[in-house]
Amino acid sequence: MCNASFFEKMSLDNHILHKHPELTASVSSKIHECTHCEYKTTYVQCLARHIMRHTGAELACTKCVASFTTKRSLDNHILQKHPELTASVSSKIHECTHCEYQTTYVHYLAKHIMKHNKAKLTCTRCDESFTFRSSLNNHILQKHRDALLSQDTSKNHLAEYVVKEKPIEIQCSKCDMPFTDQKVLDNHILQKHPELATTVSSKIHECKYCKYKTTHEWCLARHMIKHTVQM
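Numbering (the working numbering), first residue to last: 103 to 333.
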């Protein structure tokens, strides 16, 4: 059809889509299509840049077709969907001290931490725990109804009879953030209040390249990736 030459099949296929669409049936590479128009390409990055013309967004993810109007939003997307690209994030990262969750928005972190700190509703008959009272009530009525009613406990008071709250046991002395585990509290202190590091009783894992410290070995391993990417 023309004399254009290419080093790889994907580039040739992309050329065919743009210059010779009547030969699209001969394309074997995966085709990415725009949902706003007839644009097609074999490169996901090209589709992302193209979509920005429709959405008005200025920033596109280099890994998928998502696009954003702010760098902070793009960085948060990378943390959530493409953590292997964390080294490319320039916005401030807020990290959960309970798990690997990361975000560029402090209010997202606060909402996430609530999942860890939420008190459990526990059945005193079998110690099974539930997040919602309605779930516990259903459990009571299904599993322990006969036993409780035989003790002259009215149906309306079944939940009150068996529910007990597991209170949060320890708080940070600096900011009052609650924790259920000393190791997690100690890690919080190292990350947020390093001036109190001498109060940490858990084993501390230290980075040999910088001042980073943590009580979680997996956190150190994750941190070290940042250095290996830079080397």
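Glycine included, every Cβ here is placed at the ideal spot set by N, Cα and C. As the structure is a computational prediction, the values presented were derived from the model and not from experiment.
Can you give, in chain order, each stretch of the alpha helix (DSSP H) that sits fully within the region 139-191 and has at least 4 residues?
If we require 4 residues or more, the alpha helix (DSSP H) runs fully inside the region 139-191 come out as 146-157, 173-183.
First and last residue of the alpha helix (DSSP H) that includes Leu114?
Leu114: member of the alpha helix (DSSP H) spanning 111-121, first to last residue.
Determine the DSSP secondary structure at Cys225, reduced to helix, strand or coil.
Residue state for Cys225 is assigned as strand, using DSSP reduced to three classes.
Gln273 - partner residues in DSSP beta bridges:
Bridge partners of Gln273: Pro280.
Compute the Euclidean distance between the alpha carbons of Leu149 and Phe170, then round it to the nearest angstrom.
When the Cα atoms are used, Leu149 and Phe170 turn out to be separated by approximately 14 Å.
Do you know how far the Cα of Thr137 is from the Cα of Asp229?
Rounded to the nearest angstrom, the two C-alpha atoms are 51 Å apart.
Going by beta carbon distance, what residues of the same chain come within less than 7 Å of Val286, once the five residues before and after it are set aside?
Closer than 7 Å at Cβ, skipping near neighbours: Thr199, His200.
If you measure between the beta carbons of Lys173 and Leu161, is that distance less than 8 Å?
For the pair Lys173 and Leu161, the CB atoms are nearer than the 8 Å cut-off.
What three-state label does DSSP hand Leu260 in the structure shown?
The pLDDT assigned to Leu260 is 49, lower than 50, so where the model puts this residue is not dependable; a value taken from the coordinates is nonetheless given after this. Three-state result, Leu260: helix.
Cut-off 7 Å between Cβ atoms - residues of its own chain near Lys132, not counting five sequence neighbours on either side
Thr144.
Exposure label - Ile291; buried when at least 16 CB within 10 Å:
Sixteen is the threshold: when 16 or more other Cβ atoms of the shown chains lie within 10 Å of the Cβ of Ile291, as they do, the residue is buried.
Which residue from Tyr210, Leu211, His241 puts its Cα closest to that of Cys225?
Closest by alpha carbon: His241.
Using DSSP with H/G/I as helix, E/B as strand and the rest coil, what is Thr301?
Correct three-state label for Thr301: helix.
CB-CB under 7 Å to Lys313, same chain, minus the five flanking residues each way: which ones, in chain order?
For Lys313, where only same-chain residues beyond five positions count, there are no Cβ hits under 7 Å.
Just to confirm, are Lys315 and Ile306 a CB contact at a threshold of 8 Å?
Their beta carbons are under 8 Å apart, which means Lys315 touches Ile306 by this criterion.
Distance between Ala168 and His179 (C-alpha atoms, nearest Å)
Rounded to the nearest angstrom, the two C-alpha atoms are 9 Å apart.
For Met103, which option in Leu125, Ser113, Met112 has the closest C-alpha, if you only look at C-alpha atoms?
A check of alpha carbon separations from Met103 across Leu125, Ser113, Met112 identifies Leu125 as the nearest.
Look up Asp254 in the DSSP assignment and say whether it is helix, strand or coil.
Because the pLDDT of Asp254 is 49, which lies under 50, any placement of that residue in the model is unreliable, and the question is left without a value.
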